[in-house]
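All remarks here apply to the structure that follows.
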Amino acid sequence: MWSIWYVVAMAGFTQTNLYVNILYTYIVDVSDDKHALLNGLVDSLATMCAAISTYQIGKVNVNWNYHGFTFLAFSSLVLALLLSLGYYSTNILVVYFMYICFDTVVQSVFVIAMSQIAKQLKHDFYTSVLGFNAFLGIVLSTCLSSLLVRIGTTLPVR
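Residue numbers for the sequence shown follow numbering that gives the first Met the number 0, beginning at 0 and rising by one.
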């Protein structure tokens, strides 16, 4: 369960990171909102918030075997909601905020998923399994990118 979620989420996260900069530029170009693009600041804030969130989650004692499905379902729903709100927003600051929240949630769940996968492995297989999961995520992301490039020439940004 955790490995499958990790692979699919890794591909989705990679696609989101590729697309979000295009969305930032599009919003600034079509709107009267002429804020300077703060992509680097937003990425660094997102990373910092994710690190703080992951640290705080690590301090909480949770039985992930019992609450795992519920947590993955709820976090996936939150991620979909954040992506949708960011996609339909016309204000760049709202999109920045949605991306920071999205990145915080997805990075936190990545850490939880990797720790749950690692708990079920023998010590010698950590890097093999986690590396293979990352590899599958990148392969899936590459397939999605290839598909989107082929059909993407006819699709608008929004």
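Where is the CB? At the ideal position from N, CA and C, for every residue including glycine.
Since the model is a prediction, treat every value here as computed from it, not as a measurement.
Extent of the continuous alpha helix (DSSP H) to which residue i belongs
| i | result |
| --- | --- |
| serine 107 | 91-118 |
| aspartate 42 | 38-58 |
| methionine 9 | 1-29 |
| histidine 66 | 63-87 |
Beta-carbon proximity of residue i to residue j, cut-off 8 angstroms
| i | j | result |
| --- | --- | --- |
| leucine 135 | valine 27 | no |
| leucine 78 | valine 105 | yes |
| serine 30 | threonine 69 | no |
Beta-carbon proximity list for residue i, same chain, < 6 angstroms, skipping 5 on both sides
| i | result |
| --- | --- |
| serine 52 | Thr103 and Ser107 |
| tryptophan 1 | Ala112, Gln115 and Ile116 |
| tyrosine 125 | Ala117 |
| tryptophan 63 | Gln115 |
Beta-carbon contacts of residue i that lie in its chain and below 7 angstroms, excluding the five residues immediately before and after
| i | result |
| --- | --- |
| leucine 44 | Ile99 |
| leucine 143 | Ala10 and Gln14 |
| tyrosine 23 | Leu36, Asn38, Ile91 and Val94 |
| alanine 49 | Asp102, Thr103, Gln106 and Ser107 |
| asparagine 220 | There is no way to answer for residue 220, as the model of the chain reaches only from 0 to 157. |
| isoleucine 56 | Ser107 and Ile111 |
| valine 128 | Ile116 and Leu120 |
| phenylalanine 12 | Val105 |
| histidine 122 | none |
| serine 74 | Val104 and Val108 |
Proximity winner among the options, relative to residue i (alpha-carbon distances)
| i | options | result |
| --- | --- | --- |
| tyrosine 65 | Ile91, Leu40, Val128 and Gln115 | Gln115 |
| alanine 8 | Leu147, Ile150 and Asn132 | Asn132 |
| tryptophan 4 | Gly67, Met47, Asn16 and Arg149 | Gly67 |
| asparagine 16 | Val148, Leu146, Ser140 and Ile150 | Ser140 |
Residues near residue i by beta carbon distance below 8 angstroms, same chain, minus five either side
| i | result |
| --- | --- |
| valine 41 | Tyr95, Tyr98 and Ile99 |
Distance between beta carbons of residue j and residue i, contact taken as under 8 angstroms
| i | j | result |
| --- | --- | --- |
| phenylalanine 101 | leucine 82 | 6 angstroms |
Distance cut-off 7 angstroms: residue i Cβ against heavy atoms of the ligand SAM
| i | result |
| --- | --- |
| leucine 36 | Looking at this structure, you won't find the ligand SAM or any other ligand, since it has none at all. |
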